Every structure is written in structure tokens, then in C-alpha cells.
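**Student:**
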Amino acid sequence: MAIRVITHSFSTPDVDEASSPGKKKICLVCASPTGASPHFGTISCLACAAFFRRTVSLDIKFKCTGSLQCKIYYELRMICRACRFDKCVAVGMKPECVQKRKPMKKYSIKRSTSPMEEDNTQPELPQHDSHINVDVYDSSVPSSSNSEFMSNSTISPHLSINSPIEYKVNDMIIPTPLHPTPNSANRTLLSLDGAALLRHFVSEEQKANNRRRVMFARSPIDSIIGTSDIIPYTKEDLVPYTVKGQQKHMRFDQMLAYEYIKALPGFEYLEPHDKLAIFRFGFMGFGALDIAYFTSKMGMVDQGIMVFTDATYSTNFDRSVGWDNEEDITADDKQKLVWPMNQKFWDRLIKPLDGIEVDHVEYAALKALTMWRTYNLGYLELSDTAKQLAREHENGIINGLMEYYQSRGDGAERVGTLILFIGNLFEIYQTLVEYYKKIELFNLIKIDLFLKQLLQF
Numbered sequence: 001m002a003i004r005v006i007t008h009s010f011s012t013p014d015v016d017e018a019s020s021p022g023k024k025k026i027c028l029v030c031a032s033p034t035g036a037s038p039h040f041g042t043i044s045c046l047a048c049a050a051f052f053r054r055t056v057s058l059d060i061k062f063k064c065t066g067s068l069q070c071k072i073y074y075e076l077r078m079i080c081r082a083c084r085f086d087k088c089v090a091v092g093m094k095p096e097c098v099q100k101r102k103p104m105k106k107y108s109i110k111r112s113t114s115p116m117e118e119d120n121t122q123p124e125l126p127q128h129d130s131h132i133n134v135d136v137y138d139s140s141v142p143s144s145s146n147s148e149f150m151s152n153s154t155i156s157p158h159l160s161i162n163s164p165i166e167y168k169v170n171d172m173i174i175p176t177p178l179h180p181t182p183n184s185a186n187r188t189l190l191s192l193d194g195a196a197l198l199r200h201f202v203s204e205e206q207k208a209n210n211r212r213r214v215m216f217a218r219s220p221i222d223s224i225i226g227t228s229d230i231i232p233y234t235k236e237d238l239v240p241y242t243v244k245g246q247q248k249h250m251r252f253d254q255m256l257a258y259e260y261i262k263a264l265p266g267f268e269y270l271e272p273h274d275k276l277a278i279f280r281f282g283f284m285g286f287g288a289l290d291i292a293y294f295t296s297k298m299g300m301v302d303q304g305i306m307v308f309t310d311a312t313y314s315t316n317f318d319r320s321v322g323w324d325n326e327e328d329i330t331a332d333d334k335q336k337l338v339w340p341m342n343q344k345f346w347d348r349l350i351k352p353l354d355g356i357e358v359d360h361v362e363y364a365a366l367k368a369l370t371m372w373r374t375y376n377l378g379y380l381e382l383s384d385t386a387k388q389l390a391r392e393h394e395n396g397i398i399n400g401l402m403e404y405y406q407s408r409g410d411g412a413e414r415v416g417t418l419i420l421f422i423g424n425l426f427e428i429y430q431t432l433v434e435y436y437k438k439i440e441l442f443n444l445i446k447i448d449l450f451l452k453q454l455l456q457f
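Residue numbers for the sequence shown follow UniProt numbering, beginning at 1 and rising by one.
1) In angstroms, rounded to a whole number, what distance separates the CA positions of Thr-312 and Ile-291?
2) Residue ranges of each alpha helix (DSSP H) run of no fewer than 4 residues wholly in the segment 61–104, ordered along the chain?
3) Contact defined as beta carbons within less than 8 Å: I believe Ser-296 pairs with Leu-353. What is the distance between those atoms, to the nearest angstrom?
4) Alpha carbon to alpha carbon, how far is Arg-84 from Phe-286?
5) Need the endpoints of the beta strand (DSSP E) that Tyr-258 sits in, please.
6) In this structure, what does DSSP give as the bridge partners for Pro-240?
7) Could you check which residue in Thr-330, Ile-230, Lys-367, Phe-52 has the C-alpha nearest to that of Thr-242?
8) Would you kindly check if the distance between the Cβ of Arg-348 and the Cβ of Ile-428 is under 8 Å?
9) Suppose you measure from the CA of Asn-316 to the CA of Val-239; what does that come to, to the nearest Å?
10) Based on Cα-Cα distance, which residue from Thr-188, Leu-451, Met-341, Ala-386 lies nearest to Ala-257?
11) By Cβ distance, which residues of its chain are closer than 6 Å to Pro-232, with the 5 residues on each side in sequence left out?
12) Is the segment 271–285 in contact with the segment 201–208, if contact means three or more CB pairs nearer than 8 Å?
13) Is the segment 321–336 close to the segment 385–405, with three or more CB pairs under 8 Å?
14) Taking just the CA atoms, how far does Cys-80 sit from Lys-63?
15) Going by alpha carbons, who is nearest to Glu-96 out of Ala-217, Lys-248, Thr-55?
16) Please report the straight-line C-alpha distance between Val-321 and Lys-244, rounded to a whole angstrom.
17) Restricting to runs no shorter than 4 residues, where is the alpha helix (DSSP H) found entirely within the segment 272–298?
18) Under the assumption that Met-306 contacts Phe-345 (Cβ atoms under 8 Å), give the Cβ distance between them as a whole number of angstroms.
19) If you measure between the beta carbons of Ser-367 and Leu-289, is that distance less than 8 Å?
20) For a test of the three-state rule: what should DSSP assign to residue 465, helix, strand or coil?
21) What does DSSP give as the partner residue(s) for His-39 in the beta ladder?
22) So who's on the other strand from Ile-305, going by DSSP bridges?
23) To the nearest angstrom, how far is the alpha carbon of Trp-323 from that of Gln-335?
24) Is Cys-70 closer than 8 Å to Val-29 when the C-beta atoms are compared?
25) Within a Cβ cutoff of 6 Å, which residues of the same chain sit near Pro-177, ignoring the five residues on either side of it in sequence?
26) Should Thr-309 and Ile-356 be called a contact, given that it needs their Cβ atoms to be closer than 8 Å?
27) In whole angstroms, what is the alpha-carbon distance linking Ile-447 and Lys-437?
28) I need the straight-line Cα distance from Ala-49 to Phe-40, nearest angstrom please.
29) Would you mind reading off the limits of the alpha helix (DSSP H) that contains Gly-396?
30) Counting C-beta neighbours from all protein chains within 10 Å, is the total for Pro-38 16 or more, i.e. buried, or is it exposed?
31) Using the Cβ count rule (16 or more neighbours within 10 Å means buried), how would you classify Ala-47?
32) So the candidates are Glu-362, Leu-369, Gly-423, Glu-434; which of them puts its Cα closest to the Cα of Glu-403?
33) Please state whether the Cβ-Cβ distance between Met-298 and Lys-235 is less than 8 Å.
34) What are the boundary residues of the alpha helix (DSSP H) that Trp-339 is part of?
35) Between the Cα of Ile-422 and those of Gly-396, His-393, Trp-372, Gln-254, spot the shortest distance and give me the residue it belongs to.
36) Locate the alpha helix (DSSP H) running through Val-29, then write down its first and last residues.
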């Protein structure tokens, strides 16, 4: 990757000060005090490390629209990515430390009989008839070959969410494997091709929406039964958000994640700690992603309204709805605790996903990919069998997407856009974990025991 010479200077924390054993480490790029540790030759937070890795590995070029002196600070909502990358290099990040992407074998798509049409009982996967080219953030995403987006890359693990614990939750989500773990490294775990795998995840999304519709929709029963809309609610179903209501209905989201994980093709081959690790991420990550998707698909982004998974909503441009006093939390505490998190949701998840304009097939693929990319980015510690299953799932989903995109010319770019977006979800996942730990620390809201177990309190 060609790196331009940096002729401007940045105000950065002292390296010795940032890495001093007696002081808390801070990111030398954005000054974030959270999660700073050695990455690519310097001290940085996870977000800046992930940004640098993606920029280098995908050879992305950014252009500053200002004077190449943009402020890089973690609390800013919008950060110039050209100046951010330049600052990464200025503080000592080394592009040569980024692991090169390994090319995968090319695949071919059979044109004779599309697996998408073989089973009429499965959800219909409509073909695109228009070109979509929307940026993930504020600059363009370059086109890449199919093999680039099918390749796997790893970085040093930053966060382990799979420390051993002994809770009753383990017994609930970890049944005894039905089949022995494959002994041969050459054996394939999945029997589904890419199109069939994609159909599976689309079907799982529809099942979850049907359950949410029955659970939360306030429409007449005859309008609920037999409905197969991609969004479980209408605007008329929505009621104002409350923290108490969200905590009450959180167990339902846990149940949906539990069903989703157990239905994974190849689930029976996973080790107990693999299942628990994936479920931990699935509950928090899927819920956050669903909030962004529902908000976007219901056309609420321009109105500044945030739609939650329990058919509630709050305003995000002002505090007119969802910000009143509650029995267990004051309006002032909600504004201090919940408001900053919602703003981050809005800027890093909801608006970017709305800009991509995913349809329900792409969304099903995106959600499934996030689960396995946690392993590729070092967020999960999985067994060798689980790693093999992760690779087969990723390749299968991407193959299915490429077949879905066969009538358009930007399939590889579209897949790349979805994969790049996943980094935003990991950032929000960390925010959610910190949010609940803060609630627990200050005893602001009673946290469900099951959630405590998942978050390892």
C-alpha cells in the first residue's frame, strides 16, 4: 500500500506517558482512555487499531476535505478518516505489521439450476433490479475482487469474552453434541451450498419477526396471523420507550438469540465453550443490529426516531419521547447514562446501515457474518473445529450472496461494504458491555441474573 508522506504535525500524548506502567494507557491516535493497548507498533484503542487494519489491508485511500489539520478525538461524532490514518502513521503505527490477506480459491456459480428456486417452501429471494452504490461512512469503498472479500485475516486478540465461568446458563445452551467432532482436517462440516445456507438465515429472520409480531404488535389479531412482512411492527404499534420495559423484555431477545444459535447448521460439532461464546455475542450483537435495521426499514432515520426490538421508540434529535422520569430511574440519570449510548448507536450503527440500504436477504447474511467475523477479528477464542465451521459459514454465505447478486455488476463491492460495516457493530458491542457494567457498578437499575451471567459480572 502506498503511504503518502505526512507533512503536518499532530498534537499527541507522549508515548512514554501513554505506556507508563503507573498510569492508565490512552490511545495515541484519538486519546481514548478505553481499551488502549499495543497495536501495530504503538499504543491505540481497539477502534483505531481496527480502522488502521482495514485501511491498510483493503488499500483504502481517503481524501481530506479540509486543510489536513482535522482534530482526531474519540468524543467527536465525525472524524476525518484521511487525517485519522495519517495520525495513525505519525504516532508509530506500521503498515507492514498488518497481516496480509490470504487469497482463497476462486469459486464458480452454476447457472443451470439456481438453488434459490429449488425449494418453494423457503422464503423467496428477490433479485435486485437497480444499482446501489452507497458509502459505509463518508467516503467511497473501492471495488475489490471476489477473492478479496472471501479471504480471512486475523489480528492479535484484543478482548476475550469467553473466560471460563460456571453458571446455570451453560446447562441451558450447551447440550451434548449429537455427532462426534470430525477427525479429518479435510472433512467438510456443512452439507449446504451457499444458496441453501443463505435461505436458512433468511428463514431464521422471518421466524424471529413472526415471534416478535405476536409478542409485541398491537394490531388486530387478523392482521398479525399470516403476515410475513420483513418488519414485525407498524408505526401504529410503537409506544414510548422505557428503561424498565426494555429490561423486562430483554429475556425475549435472549430467547430469540438462543433459538438462532441452536439452529445454526453445524451447531452439533461445536464444543461447549464455543456455543457459550457465540451466544454471548449473539444476544448483545443481534439486538443492537436489529434496532438499527428496524429503525432504517421503518423510515424513522430522517425523523430522528430510534425503534427498539420491543416495539418502543425514543426521539434522538431531542428528548421529547422516552426521556421522562421512571420509577427506577430519573430523567436526569437517563440523559447521563442512556443518551450518550443512543447517540453512539445513531452515529455508528443506525445511520451507516441506513446508508447501505440493505434488503432483507442482505440483512440476514450480514447478521450471520457478524457472528463469525468475531473470530476472524480476534474477539472470540474458538476451538479448531469451530474455526473450520466459521470459515465454511463465511465462504458459504458469501457464495450465496454472489449468486444472489448475479444479475448485477457490483456484487463483490456490495459484499465488501457489508463486511466493512461489521466493524461498527463491534464498536457498539463494546459500548453495550461497558454500559451494563456501569449500571451494575452504580446499582442504577436491577440487572437480570441471566444477563449478568452472559456478561460475566
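Note that beta-carbon positions come from the ideal geometry of N, C-alpha and C, so glycine has one too. Note that the coordinates shown come from a computational prediction; the quantities given were computed from them, not determined experimentally.
**Tutor:** According to the data block:
1) 10 Å
2) 81–90
3) 6 Å
4) 29 Å
5) Segment 243–262 is the alpha helix (DSSP H) holding Tyr-258; no beta strand (DSSP E) there.
6) Tyr-313
7) Thr-330
8) yes
9) 15 Å
10) Leu-451
11) Asn-209, Arg-212, Arg-213
12) no
13) no
14) 9 Å
15) Thr-55
16) 15 Å
17) 272–297
18) 7 Å
19) Just to set this straight, residue 367 is Lys in the shown sequence, not Ser. Yes, Cβ-Cβ distance for Lys-367 and Leu-289 is below 8 Å.
20) With the chain covering only 1 through 457, there is no way to say anything about residue 465.
21) Thr-42
22) Thr-315
23) 7 Å
24) no
25) Here Pro-177 scores only 40 on pLDDT, less than 50, and its place in the model is too uncertain to base an answer on.
26) no
27) 10 Å
28) 8 Å
29) 384–404
30) exposed
31) buried
32) Glu-362
33) yes
34) 331–345
35) Trp-372
36) Unbroken run through Val-29: none, as it is neither H nor E.
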